[in-house]
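Residue numbers (my numbering), protein chains in the order written: chain A, 31 to 138; chain B, 280 to 395.
By construction, the Cβ of each residue, glycine as well, lies at the ideal position given by its N, Cα and C atoms.
Small disclaimer: the values here were computed from a predicted structure and weren't measured.
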Amino acid sequence: AQRVTQPEKLLSVFKGAPVELKCNYSYSGSPELFWYVQYSRQRLQLLLRHISRESIKGFTADLNKGETSFHLKKPFAQEEDSAMYYCALSNQGGKLIFGQGTELSVKP
Amino acid sequence: GAVVSQHPSRVICKSGTSVKIECRSLDFQATTMFWYRQFPKQSLMLMATSNEGSKATYEQGVEKDKFLINHASLTLSTLTVTSAHPEDSSFYICSARVDPNTGELFFGEGSRLTVL
Chain A
31 AQRVTQPEKL LSVFKGAPVE LKCNYSYSGS PELFWYVQYS RQRLQLLLRH
81 ISRESIKGFT ADLNKGETSF HLKKPFAQEE DSAMYYCALS NQGGKLIFGQ
131 GTELSVKP
Chain B
280 GAVVSQHPSR VICKSGTSVK IECRSLDFQA TTMFWYRQFP KQSLMLMATS
330 NEGSKATYEQ GVEKDKFLIN HASLTLSTLT VTSAHPEDSS FYICSARVDP
380 NTGELFFGEG SRLTVL
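If you want it as structure tokens, here you go:
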């Protein structure tokens, strides 16, 4: 079964604290994984993808095939990082399957 | 970046009426578009894949007669919610892919449907 799991519905941290948003997946093939972000009253947009191995807005995510995880990390959270974050998996059929989402709240 | 636009952004209708939502790719052609439904602070549920020039493919549990999808051109897909009921009230989002070789999708701003 193809599934993306984000165990935390809400993650609340203080500004400057490290952040880790968890994502685990279940997929029999070779996955293509993404993190999407949705800021308040804005459309969903791509944050990063695992094949790029890039850092966007200070966020990074490493694909761990052994643990079937793709956790999103940032060493020092900022207030403007507050948003809904969705982990997603693209299957061979081209469909994007989303996790339940984690709301990140960064307090001053 | 690629732009996907939806119209209307908000619509209120009476129970039993039909509502059409348009999704346009503004600066690229999209042979495939995807329609999602999103509940408040919850995940996006894939409803169907819209294919230009052919029938849409629906996900399990989605009524195709209820949610009519038409992909008449390479830049336009429409979702019609027929005989709408209050439980159809939701946020509907369309998306499209620019590069068929990647899984990245570009999303519309969404359409909020409220059925009274």
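#1: Looking at C-beta atoms only, is the number of pairs between the stretch 365 to 377 of chain B and the stretch 303 to 318 of chain B that lie closer than 8 Å three or more?
#2: Looking at the unbroken beta strand (DSSP E) that takes in H286(B), where does it start and where does it end?
#3: Looking at L392(B) and V290(B), is the spacing between their C-beta atoms short of 7 Å?
#4: Beta carbons nearer than 7 Å to chain A: which residues of the stretch 333 to 345 of chain B have them?
#5: Within 10 angstroms of its Cβ, does K334(B) collect 16 or more other Cβ (buried), or is it exposed?
#6: If we ignore side chains and look at the alpha-carbon of each, how far apart do S362(B) and D92(A) end up?
#7: Below 7 Å on C-beta distance, what does F370(B) contact in chain A?
#8: Whose C-beta lies closer than 7 Å to the C-beta of Q75(A) among residues of the same chain, with five residues either side of it excluded?
#9: Per the contact definition of three or more C-beta pairs closer than 8 Å, is the stretch 285 to 305 of chain B in contact with the stretch 330 to 344 of chain B?
#10: Here's the rule I'm using: 16 or more other beta-carbon atoms within 10 Å means buried, otherwise exposed. How should H350(B) be labelled?
#11: At the 7 Å Cβ level, is G59(A) part of the contact set with chain B, yes or no?
#12: Is E342(B) helix, strand or coil by DSSP?
#13: Going by the beta-carbon positions, is the gap between R79(A) and F64(A) smaller than 7 Å?
Short version:
#1: yes
#2: 283 to 286
#3: yes
#4: none
#5: exposed
#6: 46 Å
#7: Those within 7 Å of F370(B) in chain A number zero; the least Cβ separation is about 11 Å.
#8: Y66, V67
#9: no
#10: buried
#11: no
#12: coil
#13: yes
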